[in-house]
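Accompanying notes for the structure given below.
So, in structure tokens, the structure goes:
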């Protein structure tokens, strides 16, 4: 896991497994505090207190088909190595928010990575999960959601259609370049 | 929160989608399409599933294969063989391929998706790992 974008994808998978119908993701480039920050907020089943206490233990998982759960442990490690932090706030049946920050001037900070692909993959996950993705760079914001796409393509075009995906990807790529998120 | 994203861009998206995939006219529906699912849990992501998904999208575009839906799925329990990809050809049962790399993507498109020939690397669906 060597890009922040991959961590975002990984954390969002937890929200999907939690049965969320709405997932809001923000990626923030904070040039005042020199931070890359992201927040993944869902309305899924939530995590109980007992589980929260040991959630970053790699040998903790709710899955049945494997015994390890590395996602949050790896994220915690990645944030700590650049002196950033990770926070989890969760309420049973209300949802979960995961926040992570990285000091991007720190030598051990992860690079942003391929944010374009990650946004494309997440917003085209499913018609039943509305994924809202905001990218903020200083005072500028770019936002796109599953709903935006569904409004355009209607009912008869599949969300994951190869042409739909390629178009969305090109569009996001242009928008991110305008935001100058990478430089 | 104001959206900076240009609406004209979305309109353009709609126009191109409508012109390029007018599914009703072509008589296609999802059951008649090839479904490609890339496993994207921690194990898959760490093994490079995102790159595999990108190369599927790029290769399919390059080969001008249009009746394909590409999507992601969670961990299927085959962490030892990530990246894994499930491909369902129309009217057939889905097959899971393991240890997929960029060369494998080309082979899968060329041989399995185009011609229906079986390719190495199939994970049998009765394969069990833990316990």
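Residue numbers (my numbering), protein chains in the order written: chain A, 1073 to 1255; chain B, 258 to 388. Idealized CB from N, CA, C, for every residue including glycine.
Can you find a C-beta in chain B that's less than 8 angstroms from the C-beta of residue i?
i, result
"residue 1182(A)", "no"
"residue 1296(A)", "The structure shown does not extend to residue 1296(A), since chain A spans only 1073 to 1255, so no value can be given for it."
"residue 1130(A)", "no"
"residue 1199(A)", "no"
"residue 1111(A)", "no"
"residue 1088(A)", "yes"
"residue 1143(A)", "yes"
"residue 1248(A)", "no"
"residue 1078(A)", "yes"
"residue 1186(A)", "yes"
"residue 1098(A)", "no"
"residue 1081(A)", "yes"
Assign residue i to one of two classes, buried (16 or more other C-beta atoms within 10 Å of its C-beta) or exposed (fewer than that).
i, result
"residue 1151(A)", "buried"
"residue 360(B)", "exposed"
"residue 1086(A)", "buried"
"residue 1131(A)", "exposed"
"residue 1254(A)", "exposed"
"residue 340(B)", "buried"
"residue 258(B)", "Here the model assigns residue 258(B) a pLDDT of 38, short of 50, so the residue's position is not dependable, and the following value carries that caveat. Answer is exposed; the Cβ neighbour count stays below 16."
"residue 294(B)", "buried"
"residue 1226(A)", "exposed"
"residue 299(B)", "buried"
"residue 1196(A)", "buried"
"residue 1249(A)", "exposed"
"residue 1230(A)", "buried"
"residue 1079(A)", "buried"
"residue 1252(A)", "exposed"
"residue 1091(A)", "exposed"
Select from the options the residue whose C-alpha is nearest the C-alpha of residue i.
i, options, result
"residue 1168(A)", "1145(A), 1234(A) and 1113(A)", "1113(A)"
"residue 1094(A)", "1204(A), 1224(A) and 1186(A)", "1204(A)"
"residue 395(B)", "375(B), 322(B) and 340(B)", "Nothing can be reported for residue 395(B), as the shown portion of chain B is limited to 258 through 388."
"residue 331(B)", "306(B), 363(B) and 358(B)", "306(B)"
"residue 238(B)", "343(B), 374(B), 371(B) and 377(B)", "The structure shown does not extend to residue 238(B), since chain B spans only 258 to 388, so no value can be given for it."
"residue 1210(A)", "1073(A), 1101(A) and 1171(A)", "1101(A)"
"residue 381(B)", "333(B), 309(B), 312(B) and 318(B)", "333(B)"
"residue 347(B)", "317(B), 325(B) and 299(B)", "325(B)"
"residue 308(B)", "356(B), 320(B) and 349(B)", "356(B)"
"residue 1145(A)", "1128(A), 1155(A), 1157(A) and 1134(A)", "1128(A)"
"residue 1076(A)", "1123(A), 1180(A) and 1103(A)", "1180(A)"
"residue 1192(A)", "1074(A), 1104(A) and 1097(A)", "1097(A)"
"residue 1121(A)", "1185(A), 1196(A), 1242(A) and 1165(A)", "1165(A)"
"residue 1187(A)", "1090(A), 1092(A), 1108(A) and 1141(A)", "1108(A)"
"residue 367(B)", "316(B), 304(B) and 301(B)", "316(B)"
"residue 1221(A)", "1208(A), 1200(A), 1141(A) and 1111(A)", "1200(A)"
"residue 1073(A)", "1138(A), 1149(A), 1136(A) and 1105(A)", "1149(A)"
"residue 292(B)", "378(B), 352(B) and 377(B)", "352(B)"
"residue 329(B)", "310(B), 319(B), 345(B) and 303(B)", "310(B)"
Give the C-beta separation of residue i and residue j to the nearest angstrom, bearing in mind that I take them to be a contact with Cβ-Cβ under 8 angstroms.
i, j, result
"residue 314(B)", "residue 1237(A)", "6 angstroms"
"residue 1206(A)", "residue 1198(A)", "Not confirmed; about 20 angstroms, so no contact."
"residue 1202(A)", "residue 1189(A)", "At roughly 20 angstroms, the Cβ-Cβ gap does not stay under 8 angstroms, so residue 1202(A) and residue 1189(A) are not in contact."
"residue 1160(A)", "residue 1124(A)", "7 angstroms"
"residue 1170(A)", "residue 1083(A)", "5 angstroms"
"residue 1173(A)", "residue 1156(A)", "4 angstroms"
"residue 327(B)", "residue 1234(A)", "6 angstroms"
"residue 1154(A)", "residue 1119(A)", "Not quite, the Cβ-Cβ distance comes to about 25 angstroms (not below 8 angstroms), so this is no contact."
Measuring only between beta-carbons, confirm whether residue i sits less than 8 angstroms from chain A.
i, result
"residue 355(B)", "no"
"residue 325(B)", "yes"
"residue 284(B)", "The pLDDT assigned to residue 284(B) is 48, lower than 50, so where the model puts this residue is not dependable, and the model offers no usable value."
"residue 341(B)", "no"
"residue 345(B)", "no"
"residue 318(B)", "yes"
"residue 334(B)", "yes"
"residue 281(B)", "In this predicted model, residue 281(B) has a pLDDT of only 48, less than 50, meaning its place in the structure is not dependable; the value taken from the coordinates is given anyway. Yes - at least one Cβ of chain A is within 8 angstroms of the one on residue 281(B)."
"residue 351(B)", "no"
"residue 348(B)", "no"
"residue 258(B)", "Since pLDDT at residue 258(B) reaches only 38, below the 50 mark, its modelled position is unreliable, and the value read off the structure follows with that caveat. True, the Cβ-Cβ gap to chain A drops below 8 angstroms."
**Item:** Cβ-based contacts, 9 angstroms cut-off: residues of the stretch 1211-1234 of chain A near chain B
**Value:** 1212, 1213, 1214, 1215, 1216, 1220, 1221, 1223, 1224, 1225, 1226, 1228, 1229, 1230, 1231, 1232, 1233 and 1234
**Message:** Which residues of the stretch 295-316 of chain B have a Cβ closer than 7 angstroms to any Cβ of chain A? Give them in chain order.
**Reply:** Those residues of the stretch 295-316 of chain B that come within reach of chain A (Cβ to Cβ, closer than 7 angstroms) are 297, 298, 299, 302, 303, 307, 310, 311 and 314.
**Asked** At a Cβ cut of 9 angstroms, what residues of the stretch 361-375 of chain B count as close to chain A, listed as they run along the chain?
**Response** Residues of the stretch 361-375 of chain B that bring their beta carbon within less than 9 angstroms of a beta carbon in chain A are absent altogether.
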